[in-house]
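Notes to accompany the following structure.
2 protein chains.
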Amino acid sequence: MKGNCVVAQSGGPTAVINASACGVIQEALKSPDITGVYAAHNGILGILNEALFDLGKEDPADIEGLKTTPSAALGSCRYKVKTEEDYGKILAVFKKFGVRYFFYIGGNDSMDTADKVNRLARREGYEFRAMGVPKTIDNDLAFTDHCPGYGSVIKYLATMVMEAGRDTEALYTADTVNVIEAMGRNAGWIAAGTALAKRSEEDAPHIILLPEVPFDPEAFKDRVNHYLKTIRRCVIVVSEGTKNPDGTYISEQKGQFAKDSFGHVQLGGAANYIKALVESEVKVKARFAIPSTIQRAGAHFASLTDSQEAYETGRQAVRLAVAGESGKMVTLVRESDAPYRWSTGLADLSQVANGEKYFPKEWIGADGFSVTEGFLRYAWPLIQGEVPVPIEGGLPRYIRFKKHFVKSA
Amino acid sequence: MKGNCVVAQSGGPTAVINASACGVIQEALKSPDITGVYAAHNGILGILNEALFDLGKEDPADIEGLKTTPSAALGSCRYKVKTEEDYGKILAVFKKFGVRYFFYIGGNDSMDTADKVNRLARREGYEFRAMGVPKTIDNDLAFTDHCPGYGSVIKYLATMVMEAGRDTEALYTADTVNVIEAMGRNAGWIAAGTALAKRSEEDAPHIILLPEVPFDPEAFKDRVNHYLKTIRRCVIVVSEGTKNPDGTYISEQKGQFAKDSFGHVQLGGAANYIKALVESEVKVKARFAIPSTIQRAGAHFASLTDSQEAYETGRQAVRLAVAGESGKMVTLVRESDAPYRWSTGLADLSQVANGEKYFPKEWIGADGFSVTEGFLRYAWPLIQGEVPVPIEGGLPRYIRFKKHFVKSA
Numbered sequence: 000m001k002g003n004c005v006v007a008q009s010g011g012p013t014a015v016i017n018a019s020a021c022g023v024i025q026e027a028l029k030s031p032d033i034t035g036v037y038a039a040h041n042g043i044l045g046i047l048n049e050a051l052f053d054l055g056k057e058d059p060a061d062i063e064g065l066k067t068t069p070s071a072a073l074g075s076c077r078y079k080v081k082t083e084e085d086y087g088k089i090l091a092v093f094k095k096f097g098v099r100y101f102f103y104i105g106g107n108d109s110m111d112t113a114d115k116v117n118r119l120a121r122r123e124g125y126e127f128r129a130m131g132v133p134k135t136i137d138n139d140l141a142f143t144d145h146c147p148g149y150g151s152v153i154k155y156l157a158t159m160v161m162e163a164g165r166d167t168e169a170l171y172t173a174d175t176v177n178v179i180e181a182m183g184r185n186a187g188w189i190a191a192g193t194a195l196a197k198r199s200e201e202d203a204p205h206i207i208l209l210p211e212v213p214f215d216p217e218a219f220k221d222r223v224n225h226y227l228k229t230i231r232r233c234v235i236v237v238s239e240g241t242k243n244p245d246g247t248y249i250s251e252q253k254g255q256f257a258k259d260s261f262g263h264v265q266l267g268g269a270a271n272y273i274k275a276l277v278e279s280e281v282k283v284k285a286r287f288a289i290p291s292t293i294q295r296a297g298a299h300f301a302s303l304t305d306s307q308e309a310y311e312t313g314r315q316a317v318r319l320a321v322a323g324e325s326g327k328m329v330t331l332v333r334e335s336d337a338p339y340r341w342s343t344g345l346a347d348l349s350q351v352a353n354g355e356k357y358f359p360k361e362w363i364g365a366d367g368f369s370v371t372e373g374f375l376r377y378a379w380p381l382i383q384g385e386v387p388v389p390i391e392g393g394l395p396r397y398i399r400f401k402k403h404f405v406k407s408a
Numbered sequence: 000m001k002g003n004c005v006v007a008q009s010g011g012p013t014a015v016i017n018a019s020a021c022g023v024i025q026e027a028l029k030s031p032d033i034t035g036v037y038a039a040h041n042g043i044l045g046i047l048n049e050a051l052f053d054l055g056k057e058d059p060a061d062i063e064g065l066k067t068t069p070s071a072a073l074g075s076c077r078y079k080v081k082t083e084e085d086y087g088k089i090l091a092v093f094k095k096f097g098v099r100y101f102f103y104i105g106g107n108d109s110m111d112t113a114d115k116v117n118r119l120a121r122r123e124g125y126e127f128r129a130m131g132v133p134k135t136i137d138n139d140l141a142f143t144d145h146c147p148g149y150g151s152v153i154k155y156l157a158t159m160v161m162e163a164g165r166d167t168e169a170l171y172t173a174d175t176v177n178v179i180e181a182m183g184r185n186a187g188w189i190a191a192g193t194a195l196a197k198r199s200e201e202d203a204p205h206i207i208l209l210p211e212v213p214f215d216p217e218a219f220k221d222r223v224n225h226y227l228k229t230i231r232r233c234v235i236v237v238s239e240g241t242k243n244p245d246g247t248y249i250s251e252q253k254g255q256f257a258k259d260s261f262g263h264v265q266l267g268g269a270a271n272y273i274k275a276l277v278e279s280e281v282k283v284k285a286r287f288a289i290p291s292t293i294q295r296a297g298a299h300f301a302s303l304t305d306s307q308e309a310y311e312t313g314r315q316a317v318r319l320a321v322a323g324e325s326g327k328m329v330t331l332v333r334e335s336d337a338p339y340r341w342s343t344g345l346a347d348l349s350q351v352a353n354g355e356k357y358f359p360k361e362w363i364g365a366d367g368f369s370v371t372e373g374f375l376r377y378a379w380p381l382i383q384g385e386v387p388v389p390i391e392g393g394l395p396r397y398i399r400f401k402k403h404f405v406k407s408a
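As they're listed, the protein sequences go chains A and B. Heads up: the first sequence at position 311 corresponds to 310 in numbering that gives the first Met the number 0, and the numbers run straight through without jumps. Heads up: the second sequence at position 80 corresponds to 79 in numbering that gives the first Met the number 0, and the numbers run straight through without jumps.
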């Protein structure tokens, strides 16, 4: 089937979502079936607003540069497609621009959107193929062993914890406790991944607070005191989604921006809360750090494995779509742990959209403040290798597209 | 003069303070005049507590590994030596352990301590040489062009701002403003250094708030709105020490830990304050990040220039002490900007102890929210080059000494 394609990125950026876009774009530009290769500027918003730019007019060196550029170079969004009107508009724009292939790089919500557009096209008898490419630092997509973006965020955050842990180790007589806040919403995947930094009892992180374990201040205090007694310091990684036993977040934000446009509660502040608790209850000085979006944008120390997998999921989405697939997300399949071997598979968009992969209870340590060897075996392969970034004047050089917007088909 | 030496590290760690220690240790181990090479565990506290460990018994590979290990591998402290009794004790310990050479790597307070011990030794007729090695991310030591530690902190923080800036660029329709908090206490050197990330109007940081410029909420709001109109987003770097026109910090901490043991007000929270201000006054969603000690511990992306300079200041301190110098700090002298050429010099410890290098007013941009080309010319050479860190299992491998403590001379 000949036609144009649209590639779009959605949701929170990652260090390697552009590597996935690179896989899609380079494969699409090579395909004789795909005529124009367009990017939607800012995800589904770019389709609704007819803001499509022509990737065929970009410098091939910039397209290659996607492999080392963090965040979403096509632009992203958090717009939730809800109405039939929106879906109708999306399909109308695709028809107007002669788009027969749609590659959506994102999480659950994006897979839901791609699925629904695909179904609508089928109902209307419009020949069309939609493929999903997985992306989320939160690692909570079902039907895939792990998600592109996850390996890089834990490699970088574990490095931050290791390095800040050395700072606390040197200054324990003054700054005795350090609390570092991990992203990940309601899943502990990212916080858990920082355990990779720990090679001995001396090493940070000493305590990991997961959203999956209701926060118990007494047990926590005991654990902090244990480390103060044995190694005279304590580095704590707290998930932004850590909750009290009653299900409320340990620190919720109030006011106008308390919820995002999806109705999700905005998190942040868990680290301040734990710092204040340590100072008032354990009576030692504590510091805190909130790396926030910095952790997911760290292309300068991304995982090569993650980057290669991200690229390949993008490339496979195009190859399979051209071969006739539609309504599917490309998944990552783990063939073996050691040596690590992987391949790609497929899952139905609708199943991915409605699934969620929780952090397995059996990977939570018996004390509730650590993770098991089983988890480490799972996570280890995902952070292997580094991606050298081009340096200009001592700092990374990242690409930015020129964005030649297209008028119509 | 033959005798043992003590090397100590003090204050907030940096990515390269261990490179300075490496310079001291490797040179001292080679010197026929220096017999035992001891480290004080946790700065001056290690001397007061007679906690000295023998660096001659450490693995030379670990000593070499100091060049790529962040934070203070000898241990650091924030203990302020105030009493004559303390100084007497320090000198007594030096005598007890046959210590004739003292190398103190630190900031103003450390130079003051080294100076006073040196004077006491002279008054008591004890042959002794004390040399200071500059260290501070804050870059506020007088009589040196810049301080080891500064180049690496701005290289890494500028990279964080660049990468998080790309995140905001991709998601401006949802997360429109991002506020990143820089360390640096009452000097704007670190926040200013993030301007290196800006290669075009599009690039972050868009606004820099310096402690040297009294915060003007109205002018700030106008500046944010300017960026929202022109590029639809705004990334703000705020110094932790940013102040209101009345001299109070824009966000001061209260309570038991409001001041550290030096009586300095504990900072942090400037970013939250600016985020809240943007949301309530500009009415767009803002995020914030507080990298805290992570920014000063980033050995995985340290500046090679900074690392080499740090090493050389340590090495020179030993060479000059053995040649007869005492009561001096090794300084960095800039010979030329482009090509960058530097050498080392000397300054009196007492002068350094009482000096402070402010961020020059003429390097603040006319709008009060930026820095000048003159500053960029100053800062640029300091971030050049990278220091490859050894990797083990996908994460940096940093050294930790075995610490064979010595009983007495």
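Ideal Cβ positions, reconstructed from N, Cα and C, are used throughout, including at glycine.
Using the C-alpha atoms, what's the distance from residue 110 of chain A back to residue 333 of chain A? 21 Å
Under 7 Å between beta-carbons, which chain A residues line up against residue 159 of chain B? List them in chain order, please. 293
Counting only beta-carbon separations shorter than 7 Å, does residue 288 of chain A have a partner in chain B? yes
Suppose you measure from the CA of residue 165 of chain B to the CA of residue 328 of chain A; what does that come to, to the nearest Å? 26 Å
Which chain A residues sit within Cβ distance under 7 Å of residue 41 of chain B? 172
Looking only at C-alpha atoms, which of B:173, B:366, B:134, B:69 sits nearest to residue 227 of chain B? B:173
Quick one: any contact between the segment 88-95 of chain A and the segment 122-133 of chain A, if contact means 3 or more CB pairs under 8 Å? yes
Closest Cα partner of residue 404 of chain B within the set B:356, B:115, B:73, B:308: B:73
Nearest to residue 3 of chain B by alpha carbon, out of B:99, B:244, B:152? B:99
Sheet register partners of residue 409 of chain A (DSSP bridge): Examination of residue 409 of chain A is not possible in this model, given that chain A is present from 0 through 408 alone.
Would you tell me roughly how many angstroms separate the C-alpha atoms of residue 159 of chain A and residue 167 of chain B, rounded to the nearest one? 21 Å
Which residues of chain B have a Cβ atom closer than 8 Å to the Cβ of residue 337 of chain A, listed in chain order? Correct list: empty, because the minimum Cβ distance to chain B is about 12 Å.
From residue 271 of chain B to residue 251 of chain B, what distance separates their C-alpha atoms? 11 Å
Can you tell which of B:65, B:280, B:182, B:281 has its C-alpha closest to the C-alpha of residue 400 of chain B? B:65
Backbone CA spacing between residue 451 of chain A and residue 385 of chain A [nearest angstrom]: There is simply no residue 451 of chain A to check, as chain A begins at 0 and stops at 408 in what is shown.
Under a CB-based cut-off of 7 Å, is residue 45 of chain B close to chain A? no
Terminal residues of the beta strand (DSSP E) in which residue 233 of chain A lies: 233-238
Residues in the segment 67-80 of chain A with C-beta within 9 Å of chain B's C-beta atoms, listed in sequence order? 68, 69, 70, 71, 72, 73, 74, 75, 76, 77, 78
Expressed to the nearest angstrom, what Euclidean distance is found between the alpha-carbon atoms of residue 85 of chain B and residue 47 of chain B? 7 Å
Selection of the segment 382-404 of chain B by Cβ proximity to chain A, strictly under 9 Å: 382, 383, 384, 385, 390, 391, 392, 393, 394, 395, 396, 397, 399
Apply the 10 Å Cβ neighbour rule to residue 114 of chain B and answer buried if 16 or more other Cβ atoms are within range, or exposed otherwise. buried
Out of curiosity, what's the CA-to-CA distance linking residue 315 of chain A and residue 38 of chain B? 57 Å
With respect to 6 Å, is the separation between the Cβ of residue 372 of chain B and the closest non-hydrogen atom of the ligand HEM below this value? You won't find the ligand HEM in this model; it holds no ligand whatsoever.
Ranges of the beta strand (DSSP E) found wholly within the segment 184-224 of chain B, counting only runs of at least 3: 206-208
Only counting runs of 4 or more residues, tell me where the alpha helix (DSSP H) segments fall wholly within the segment 275-311 of chain B, in order along the chain. none
Coarse secondary structure for residue 93 of chain A, derived from DSSP in three states: helix
Report back the beta-carbon spacing between residue 105 of chain B and residue 25 of chain B to the nearest angstrom; my notes put them in contact at under 8 Å. So it is not a contact: roughly 20 Å between Cβ atoms.
Return the chain-ordered list of same chain residues with a C-beta closer than 7 Å to the C-beta of residue 44 of chain B, the five sequence neighbours on each side being excluded. 76, 78
Starting from residue 299 of chain B, find everything on chain A with Cβ-Cβ shorter than 8 Å and list it in chain order. 158, 162, 300
Proximal residues of chain A, C-beta to C-beta of residue 201 of chain B below 8 Å: 399
When you compare only the Cα positions, how much space is there between residue 33 of chain B and residue 393 of chain A? 38 Å
Can you round the beta-carbon distance between residue 14 of chain A and residue 297 of chain A to whole angstroms, since I take them to be within the 8 Å contact cut? 5 Å
Span of the alpha helix (DSSP H) around residue 374 of chain A: 372-378
Just verifying my parser: in three-state terms, what is the DSSP assignment at residue 111 of chain B? helix
Which chain B residues sit within Cβ distance under 9 Å of residue 177 of chain A? 291, 292
Under 7 Å between C-beta atoms, does residue 166 of chain B make it to chain A? yes
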